[in-house]
Amino acid sequence: MPRPRQWIALLHYTAPSILGGVEQVLGAHAAGLRALGAEVTIVAGRGRAAAGTRLARVPELDSRHPAVLRDFAALARGEVTPGHATLADRIERRLRTVLAKADRVVVHNAFTLHKNPALTVALARLARERPGAFVAWTHDLAWRDEQYAAQRHPGEPWDLFARALPGVRYVAVSEERARQLAELTGLARERICVVPNGIDIAGALGLSAQGARLAESLDLYRADPLLVLPARLTRRKRVEAAIAATKALRERGRDATLVVTGPPGPHNVGNRRYLEELTALARDAPGVHLLHALGIRAPYRLVADLYALADALVLPSANEGFGIPLLEAALHRLPIVCSDLATLRAVGGDAATYVPVDASGEVIADAVVGVLDTPAARLRSGARALAWPRVIAERVAPVVLAGRP
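Be aware that the sequence shown starts at 3, since it is given in the numbering used here, and climbs by one per residue.
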């Protein structure tokens, strides 16, 4: 009998349509967990969820709700008014109904940030009743921020934000936040899971819809490095040398990927035979993608997307008439590894790294390693490792979906 889908509630003051860093993360988590088969409900006081994601709106969760603002102002002065308990009770009643069937309740910031203290009181009560169901996803720590120092006072509810609550699992978005959380609450550092935020690479790079789909289908976000060879499949392009370089990098423990964009050259019947040879080589070379052999036509817009995604241009040609790919790579600030041809030197000058015209795969691989041995290239590789699909599958899902409380 198939296991029922898990129901995950993601809770924050406001929903993803409200501009904010946490809201952006909330939206990415919702989309990613839904893609993995979970039922996802965003629980928030204001804003909208993306199409396909359910939204449970509880107005009193909003940090700008009038009752919340009154409570916040009083607590900032050190006053616990009767309205505080009334508000906390009302939120608890509403959440008890909304969250009753949730397998996991992922609370973004509300356990450690004091923007709605009555909400935190209500959540603490509910978490005590359901050990293991609640996750405190920690972006910010109120009592580690000097701007909030005057708003902290002895006793409850202020102390809630400085201690680890029973039955709650704590997640921090960075090592520094995890260290600060451990120092603030006394929770052992090893009990705090670090799950970094991700990045929408397709959005950040302005990829076309086709480019974004290709990156997902070929798993290009896992490439390290990602090499692009924008050329037709003719023997003078020495595509086999680029394939050999990719294999050499893989043998060194890298997750190298090569994307060759072009079809066979149209004017030489021998190019069909060359395509067959390259297809056979690619079949035995993990990470090598000949788009034509995959039935993918690469218009110029898609080639531009690949330039935007790639770590380096590889062009091991035996001869070239001009070298337009070098100019295209330059516009994308891509490192260049190419054959030592007069035509390419005329275009690339001292900005390219040149290899012999008959360079082996090992020699080209050495050159690729060299051009990518820079802080900027390492940062770029690290950014791609934080693509949202990877972060959701590798870091978020194991915390949120692993087992039931």
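Just so you know, even glycine gets a beta-carbon here, dropped at the ideal spot from N, CA and C.
The beta carbons of ALA246 and GLY372 sit no closer together than 8 angstroms. For GLU330 against TYR356, the beta-carbon gap comes to about 18 angstroms, at or over 8 angstroms, which does not count as contact. The three-state reading of DSSP puts HIS110 in strand, counting E and B together. Counting other Cβ atoms within 10 Å of its Cβ, ILE366 reaches 16 or more and is therefore classed as buried.
In this structure, the beta-carbon distance from GLU218 to PRO391 falls below 8 angstroms. The beta carbon of ALA190 is closer than 8 angstroms to those of ALA184 in its chain, skipping five residues each way along the sequence. Sequence-distant Cβ neighbours of VAL393 in its own chain, meaning closer than 6 angstroms and more than five residues away, are GLY200. Classified as exposed, ASP161 has fewer than 16 neighbouring CB atoms from the shown chains inside 10 Å of its CB. Three or more beta-carbon pairs separated by less than 8 angstroms are not found between the stretch 196-210 and the stretch 225-240, which leaves the two stretches without contact. Residue burial annotation: ARG79 is exposed, with fewer than 16 other C-beta atoms found within 10 angstroms of its C-beta. Within the same chain, VAL173, VAL175, ARG397, VAL398, VAL401 come within 7 angstroms of VAL197 by CB-CB distance, once the 5 residues on both sides are set aside. Every beta strand (DSSP E) of 3 residues or more that sits fully in the stretch 254-332 is shown, in chain order, as 259-262, 290-292, 314-317. For ALA389, same chain residues with a beta-carbon under 7 angstroms away, outside a window of 5 residues either side, are GLY200, ILE201, ILE203, TYR223 in chain order. With contacts defined by Cβ atoms closer than 8 angstroms, HIS141 and HIS116 do not form a contacting pair. Contact between the stretch 87-107 and the stretch 54-64 is present: 3 or more CB-CB pairs across the two stretches fall below 8 angstroms.
The alpha-carbon of THR83 is positioned some 58 angstroms away from that of ASP313. In this structure LEU101 does not touch ALA112 by the C-beta definition: roughly 13 angstroms separates them, more than the 8 angstroms allowed. In this structure, the CA atom of ALA404 is about 14 angstroms from the CA atom of ALA104. Here ALA46 is near THR16, since their CB atoms are less than 8 angstroms apart. Per DSSP, ALA76 lies in no beta strand (DSSP E) segment; the continuous alpha helix (DSSP H) that holds it begins and ends at 68-78.
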